[in-house]
Structures are given as C-alpha cells and as structure tokens.
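A quick write-up on the structure given underneath.
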Amino acid sequence: MNLPFIVLWSIYLLNCEGANILYSIPFISKSHNIFLRPLGLELARRGHNVTVLTSHKEDSVPHNYNEVLFEKKDFWEITGKPRPNIFTTNAMSEITFIEEVLWKGGLAFTEHLLNSTTMKKFLENDYNFDLVICEDFIQEAFYMLSHKYQAPLIVVTPYGNSMKQLFMVGNPLQLSTVLYEFVAIEDPTSFAGRLKNLYVSAYEFIFWRYRYLDKQEQLVKKYIKNLPQPVPSLYDIQKNASLFLINSHFSFDVPVAYQPNIIEVGGLHVAHSDDVLPQDLKSILSESKHGVIYVNFGSNVKSSELPGDKKRALLNTFNKLQHTVLWKWEEDYMEDKPNNVIIRKWFPQSAVLAHPNVKLFITHGGLMSTQEAIYHGVPLVGVPIFADQFNNILLAEQAGFGRVLQYEQLNDKNVDSMLIAKLLCVTLILITKCCECANILYVIPFTSKSHYILLSPIGLELARRGHNVTVITANREHNPPSNYHQIMVDDVKIWEVIGEERPNIFTMVNLPAEIFHQKILWGGGAAFTEVALNSSDVQHLLKSDSKFDLVICEQFFQEAFYVLAQKYNAPLALVTTFGNCMRHNIITRNPLQLATVVSEFLDVEDPTSFWSRLRNVYFAVYEFVWWKYWYLEKQETLVKKYIPDVKDFSLYDIQKNFSVMLINSHFSYDVPAAYLPNIIEIGGIHLTQSYGSPPKDLQKLLDGSEAGIIYVNFGSNVRSAEMPLEKRDAFLNVFRTLKQMVLWKWENESIVNKPDNLITQSWFPQREILGKQEELMRKYIPALPQPIPNLVDIQKNASLMLVNRHFSVDSSIAYLPNVVEIGGVHITKTNTTLPKDLQTILDEAKHGVVYVNFGSNVRSSELPDEKKQAFLNVFRRLRQTVIWKWEDDELKGKSDNIITRQWFPQKDILNHPNIKVFISHGGLIGTQEAIYGGVPIIGIPIYGDQLNNLFSIEELGIGRILRYHDINEENLFELLSEFVNTDAYKKKAEEVSRRYLDRPMSALDTAVFWLEYVIRNNGAPYMKSPAIELNWWAYTMLDVYIFLAVTLTLTMFVIIKILIFVKMILMTQKSNIKSKKS
C-alpha cells in the first residue's frame, strides 16, 4: 500500500469537529515563542477554537485564534536581578543554572503571570475547553488549568526530552543512551557520561519534584481558585498529561524510546514562519558573490557582550573572508567591523537561513536556531554558552553539518580553522492531510518568541483542519483561522517575572545548569505561570463553560496548566520546544540513556566520557527531584490559587498520564533515542520548505554571493550585540578574510570595523534564508470523553508523546508504541518572501553570505567589546557579505560587507542558496532551520540546550562549536575560513537536510495526526507503558538487583561456611587417624 493511499484512507477515517483548545505559552522568551506559536496558530487554522495564553501578540491570526495577552516584561526584571552578560554564564554548572536561573526565575515568572490582571480576568471567565496545552518551562502551575477545565492536558516543551516527565509517565529512562536535556556530554555511552547523566537527572527530578514543584503548587493555591474537587497535585497533573509535545526530533536529537503520549515536534516553529527578508537584506544575501556567513547568538546571548578578544577573533576571521557576514549585533555600532560584516540588531533569521547564499550559520547553539539551520540545511558553527546549547551544537557536529567551537577556544586560529568547511542544503518531503474538527485547548502562554515560533504552527494547523482551537498565548496571531481563538496573556519577559533586570545574556555563558533551572526555569516558570493564570482573559476562560476534547500544553515549566486536562475531562497532550529532556523520561518511564543523551542545559563536550556521563546522571536526578518535589508544588499552588474548581489534583500525575507529547527534535539531527509510542518527534514543525523570496536586498545579496553566504544568528535570547568585544572582533576578523558574504543577526545598528562582506541586521528572516519549501498538514479527530482521574493518574496515564527530534540527525533508538518523533514540526510551507532589499543583498553577494544571529534572547549587541571586535575584524577580512542580527541601531566599526538589522527573516535567509554559514548561538529552532536549509553552522552556545544542539551539529558534520571564551579573531577567522573556502560542510549539510526532510509526512502532520489519534481513541490508554504503575524501585529494578545481590551473597556465604565445615571435618578425621597410628 503506497503512502498517498494510506494518507487518503486516513483522511477518510478521520471524522471530528473543531475543539476548544486552551494554549498556555506565556513565557516571554522570544525563542520559546518562536517554537510554540505555530502550534496554536495551526490548531486554529485546522478548525479548532484556540485560546492562547501568551506574552507575544500575533499581528495576524485566524478568527478562531483568541489571544490572552500578558504584559511583556524582561525575565531578569521579573526576577529582580540585573541582566547578566550571558557569555559569562558559560562557566555556570548545570545545577547552578537550574537552581539559580530556571527554578528561581521560573517561580518568579509564574507568579508574575498568575498575578497579572490578564490571568485574573481569564480565570474569572467561565470557559470550557476540550484540551489544555501548556508549555513546559518553569510554569508548572499552569498545568492546573487542565484540572480546572476538566480537559486533557497536552504539555509542550521547547527543549525536548525531560527525565522527570518520563519518570512520571513510566517511560523507559534509557539512562545509558539518552541524556538529560541540559547535560552536555560528547560520549553519553561512556561510563563517565552515563554516570553524569544519572546524577544530573536524579538531582533535577528530586529537587524539582520536592522543592520547585511545591513552590509552583503554592502559586496555584494562591492564584487559581475554585478548582474542581479533589484537586490533584501539579506533579500528578503533569504525570497524567495526555500528550507531551517536545521540541526535538530523532533526525538531529538523540533518539529516545517514548511512550505514545510523548511526541517530538522539533522544528515546530519553522513550519509557519512569518519571517520575511527585507529588500535590502535580500539584496545583500543575493548579491554576496562568495556567500554569506550568518552570525547570530540568539535573543538572550548578545553578540555585543562578547569580550573584546572573542569579538576580535571573529572580526579578524571575517576580515580574511570574501564572504558577506550578517551579524546580529545588538548595538548600533561595532568597532573595527570589516567591510564584509553587516550588523543589525535583528535579522529575520529563518528567512536569512533559508536563503541559498547562506554558507554558514555561526550560532550559540540555541535549539530554535539550530532547528532553523537544520531545516534550511545551513551548516553550523556553534559557540555554546549555557543550557542545552552545547548539546545542540555537538549533535550538529556529530551529524556532520556543524562544528562546536567552545567559547573558551574562541580565537583567531580556531575560528579560522572552523570557517574553512563546506556547507549543506536539504529538502523535506511533506504531505498534506485533512480531517474534521475537535474542540482543542492549546496552552502556550510562554512569551518566548522562539517557543511561539515552534508551537504556533500546531494550533494554526489544527484550526486550518477544522478544529476549534482555543489558544492561551502571549503571542497574538493577526490573521488566524476563524476557529482559532486566542486567549492572550501578558507578554512579560522572564526577567520581569522573576524580578530581575535583564542581564547581558553573554554573561550567562558560565551559568551552571542547576542555577539556570532554579533561577530562570523554575523561578521564572512559577512566576510566569502565575502571570499567565492570573491574566484576565485566562481567568475568564477558566470560569466559562467551555468544553474541550483535547488539552495541549507546552511543557516548559507551566505545569499548572496541565490541570486543565482534568478540568475539561480531556486527554492531555504535551508539546515541548526543546528536544530530549531527562525529566520527561523519568515521568514517562522512557529509557533515560544517560550515556548518550545529554541534558539540554548541561555543558559537556564528550557525553561518552566518564565525567560527562557522571555529570549527566547527577543533573538529571537533580533536576527531576527538585522539579517534582519543589517546583511542581509551586505550580500546584498556582493551580489551587487560580483554578480552584479543580480538586484533588496532582500535576505530576496529570503530566505522567498525558496522552501524547510532541518534542521539538528529530533523530536525523539529534542523538537517536527510544521513544514510547506516545512520544512524537516534531522537530522543525515551525519550518517550511519555501518561505517565498527573501527581501529584495537580501535576496540579491544571497544570490550574488559567488562564494556563498555565512548566516550568523544566535537566536532571540542570545544577542550578538552583547558579545564581548574580543569575541566579536574574532568573528569580524575571520569574516573579513572570507570570500563569503556573512549575514549576521546583530541587534545594534552597526558594528565597529565591520568587514565589507558582513551584513548585520537586528533581524533576519532566518527560516527564509535557511529554508526550503514545505507544506504538509494533518488533521485531528476530537477525543471521546473519559473519566476524570486525579492529576497524578492523568499525567501517569498520558496517551501520547510527540518529540521534537528525528533519527536522521540523531542516533537511532527503538521507540515504544506511544512515542512519535516530530522533529521539525514547526517547518511548513509558507508564502512569505524575503524583503526586497534583503533578497537583493543575498542574491548579489558574489562570495556568499555569512548570516549571524544569536537569537532573540542572546543579543549580539551585548557582546563584550573584545568579542564584538573579534567578529568585526574577522568579517572585515572576509569577501563574503555578513548579515548580522544586531539589536542596536548601529554597530560601530562595521565594515562595508556587514549588514546589521534588529531583525532578519531567518528562515528565509537560511533558505537562500548564497548563505555560506550560519553563525548562531545554537538554539534548537535556528539549528533546525539551518539543517532544513542545508546551511552549515558555527555555533557559539551561551546557555540552555545550545551547546548540546551544537554538539549534534558537530557530530553530524554540518557545523562547528566555537566556545564563547574562545572567541577571538584568530579562532573565528580560522573557523570561518574552514566553512567559506570549502564546500565539505555545505555538502554534508545538504545531505543531512535531505534525510531530515525525508519523512512519510511532515512533522506538523505527524503532530496533528497523533493529537487527533488521542482524541479519536479516548486517550489511547493502550499505548502507555505498564511501568507507570510500578514503584520507582520496581521500575528501576532496584528491588530485583538487591534481591539478586543478597541471594548471591547468602549463597556464597553458605557455600563458604559449608566448605569451612567440610574442611574442619576432614582435618578432624586426619587428626584422628594420626592419633590412632600413634
């Protein structure tokens, strides 16, 4: 039976109506929102009434996409702490990162959301939802919405697999192969790697479960009132989530065996990218004769905060290149910027990466950026800073389309050597499918743009397919389908909710994962969850009589929303914007595989080494424990406070019993992992094969760059402009020596001493630059009502998990029946085009374009002077045009070849054939876009999963990692030269892109199919692992091991005693014989 027939037959069988969906994605991170937004928008486009709790307002949304907007505030402002230079977090341990950044920040952010007027108003309304979708990112209190509305909970995570989630739902942990999301280990199978994996996973779960989750539950009790009785705990709610959507995919993440209710949706944000190349940027990309190197360290890591030596290393290398360098530089000026370096405060990264002239993507290794690069087949050079960036880039390196450049090793020599390689371009084969509708609640309130980019296509696609989608979101869609209803939450930043001033993301380069979790993920998650729950629109929805057939939640520390699944008596589906997450495995009993899969926020170069495995083990345990017993309780407190009508709940059980999880990863890029059937990879869901033409200037630049284009983008959180000067100069110096044009997402207006081949902009249409045409949608069938279990049972008995990863870029691993990979789910066909100027730039770049974008969180403009100068010096030496997302208005010292803008249509840029390299922070979304566009990546990881993303890029052979501390002119130039002067990386990137896109159906179609499958089959309980009913000691076989050990010991003891007794008898007899003879 051929595939078309199967698809048509499936369409015939599907028969459902639109559902009312609450989509809670209130986290303010731009990168998170980039990943999450497509899900809610797609659900609305497919006919569902989607109410979105979000901090990011959409300009044009379907009529059935209702936004409940939260006030946007900086994460650090919310946490009450000054924003650090993210590059300084590079040395932060995983535990410190989790505790100080994630958990503390998550709690502050969740409370900020729940206490907002928007959330209060929302909870006051009498809404009925068929499904609650919550982002799982330090906002667990929002899971309680599932219980409040008695609807199934779907959790969406922007980072992929989570150990505590897998443990809750009884998914095999596979600790010997699958790493915790924030543990960076190059060789997970080694003893050290497996040991570290066990340690970190246990640490995370214990402290999350018994400390952080408790604080989240306190927020629930404080802000979510009148919940149905009995109210389960947040742990139980998450444990019993019907579905998990994870931002990973087996094509580039480590494959994990998932249960059916955990679905990979890696690349979700790339599918329906709105990125469009401005005309000038399009011209830059098109006209770069030698191609473009795109440099972007995301929205959190600012390139402008790069230390001077690091910046000079980049600048010196860029100065040697013929390529144009587009560098996202957050400041208005970049000193000593080579002429080939173009800085801007923002680049439409996806549009930039989609441009064929982008030769390389120099990134921080953020998951979103990594996915965008993968999606568009753009090779990566990753400079990981914190969180999962190292793993992201390492995966790219292992896949052959990227290289890891450690921040500490960011110097002229290393940069030069890495930028001399060939790049790659890939295609994706996707299929469109239709079905009838259900009422779906899509909860994606997290305000991160990168999260929303990945998640929004799912909601919009569900709406397009006839479902009634209600989306709780902070990002408003301006033209959604009529059945896409948006419940807006305040668009506040994580720093705002945790009460801290937004730091320079580059200062977080050394932030330990523990601190990152506690301070940002958990602290911010709890605070942000509360902000979302407390929003007026969300409260109005919660108080309404809405009914939902399915609840889809982003799994990103907003567990309180999982309770909506119980509230609406609907299956719970979870969507993650990240890839593999150790906590997910712990919750669902998925094999942990700690020897190969690294926690997304751990900075480990060799996952298989002893120390790497030890670190990974430690952090996984740490994260889960604190999440389960501390953070989840805070989320449950938020449920009790804001969703009081939900009684006797347990967020852990709700999440444990989710029906499906969608993960933003793909085996073709990530380390392959075994998934249960309800875990689906949808990596690249936000991506699309075709975004139309980039802006004319960018298109011209991309097309005109003979040597190709290097696309540099460090995402929305890591700002290139915040890069220390030495790091920036390293890039500039390298770019200056390149033939390729470099497109660098530079957040500031200009870069000092910018090379002529460097083009910087504060934004690039990254998906358009990286991307290729792709449009394939599937439809959902509403689930039948089922008895309302407590949240513990809900999460424990989740039916399906969608995973954002894909075996084509990850190590291959067997999957359980309820685990589905949907890496690249955010990648779908769009009609967007690059701005004319940007299209011209890309088309006319004779030597290609270097695209630089560090994402939405890492700001290039925050790079320390020495780092920024390194970029400028390198770009100045390049012949390539550099398109740089630079967040400030000007980049001092910017060379003529550098084009900077505050935003670039990244996917469009990466999809341009003239892109030589993408300089990125290693965000998963950007990485997927680069992979999709076949653009090599130079990754400069800052925090989170960026390093892990770049590890994958390096392993795939399509990118290199440039450590933040190693950013200098020598390292940057050497690395860039390796990418822009040869086509090895480009060819490998194209190969990885082809296999990443080679699927029976698109990631978005996969995610939608399994969501409808859960609705159709009443939660599909038969796909769940029997292990969810086992005690932890039984699940881990500890009782068996102890029994065997005791039995063996006693047996040996008895044998020894018998031998001694026999010996004594023999000796006695011998003595008696001698006595008789005497």
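Taking mature numbering (1 follows the signal peptide of the UniProt record, and there is no 0), I'd label the letters of the sequence shown as residues -18 to -1, 1 to 1060. A virtual CB, placed ideally from N, CA and C, is assigned to each residue, including glycine. Note that this is a predicted model, so its numbers are computed, not measured.
The alpha-carbon of Met983 is positioned some 15 Å away from that of Tyr357. The shortest C-alpha to C-alpha distance from Ala989 to any of Ser641, Glu844, Phe538 is the one to Ser641.
At least 8 Å separates the beta-carbon of Pro8 from that of Ala509.
The beta carbons of Ile935 and Ile881 sit no closer together than 8 Å.
In this model, Val274 and Glu379 are separated by some 20 Å (Cα to Cα). Three or more beta-carbon pairs separated by less than 8 Å are not found between the stretch 288 to 295 and the stretch 912 to 919, which leaves the two stretches without contact. When the Cα atoms are used, Tyr185 and Thr559 turn out to be separated by approximately 22 Å.
Here Val716 is near Leu296, since their CB atoms are less than 8 Å apart.
Under the DSSP assignment, Gly926 falls in the beta strand (DSSP E) whose first and last residues are 925 to 931.
In chain order, Asn107, Asp108, Tyr109, Asn110 place their CB closer than 8 Å to the CB of Ser526, counting only its own chain and leaving out the 5 sequence neighbours on each side.
Tyr544 sits in coil when the DSSP states are folded into three classes, being neither helix nor strand. Beta bridge pairing from DSSP links Leu376 with Phe933.
One thing to note: Ile344 has its Cβ no nearer than 8 Å to the Cβ of Ile865. DSSP places Thr815 in the coil class of the three-state scheme, outside both helix and strand. The beta carbons of Thr489 and Val471 sit no closer together than 8 Å.
The DSSP assignment places 47 to 52 as complete runs of the beta strand (DSSP E) inside the stretch 37 to 72, in order along the chain (cut-off: 3 residues). Met470 sits in a strand when the DSSP states are folded into three classes.
DSSP places Asp527 in the uninterrupted beta strand (DSSP E) bounded by 526 to 529.
With respect to Ser98, Gln722 sits apart: the two C-beta atoms are not nearer than 8 Å. A contact is defined here as three or more CB-CB pairs under 8 Å, and the stretch 850 to 858 meets this definition with respect to the stretch 735 to 751. Going by DSSP, Lys622 is part of the alpha helix (DSSP H) stretching over 614 to 624. Cα atoms of Ser842 and Ser11: separation of roughly 16 Å, rounded to the nearest angstrom. Cβ-Cβ distances below 8 Å link Leu89 to Ile120, Tyr194, Lys197, Gln198, Leu201, Ile480, Trp504, Gly505, Gly506, Gly507, Ala508, Ala509, Tyr613, Lys616 in the same chain, with the five nearest sequence neighbours on each side left out; the list follows chain order. Bounds of the beta strand (DSSP E) holding Gln884 are 878 to 888. Beta-bridge partners assigned by DSSP to Trp190: Val607. In the DSSP secondary-structure assignment, Trp868 is bridged to Glu729. In the DSSP assignment, Asn15 falls within the alpha helix (DSSP H) that extends over 12 to 27. Annotation: Asn931 to Ile497 spans about 20 Å, alpha carbon to alpha carbon. Cβ-Cβ distances below 6 Å link Glu40 to Asn457, Arg458, Glu459, His460 in the same chain, with the five nearest sequence neighbours on each side left out; the list follows chain order. Bridge pairing for Arg294: absent [DSSP]. The three-state secondary structure of Leu423, taken from DSSP, is strand.
Assignment of Ser224 by DSSP, reduced to helix, strand and coil, places it in the coil class.
Secondary structure at Asp847: helix, using DSSP grouped into helix, strand and coil.
About 14 Å separates the beta carbons of Val323 and Leu267, which is beyond the 8 Å limit, so they are not a contact pair.
When rounded, the separation of the alpha-carbon atoms in Phe991 and Ser528 is 24 Å.
Spanning the alpha carbons of Leu18 and Glu536 requires a straight line of approximately 7 Å.
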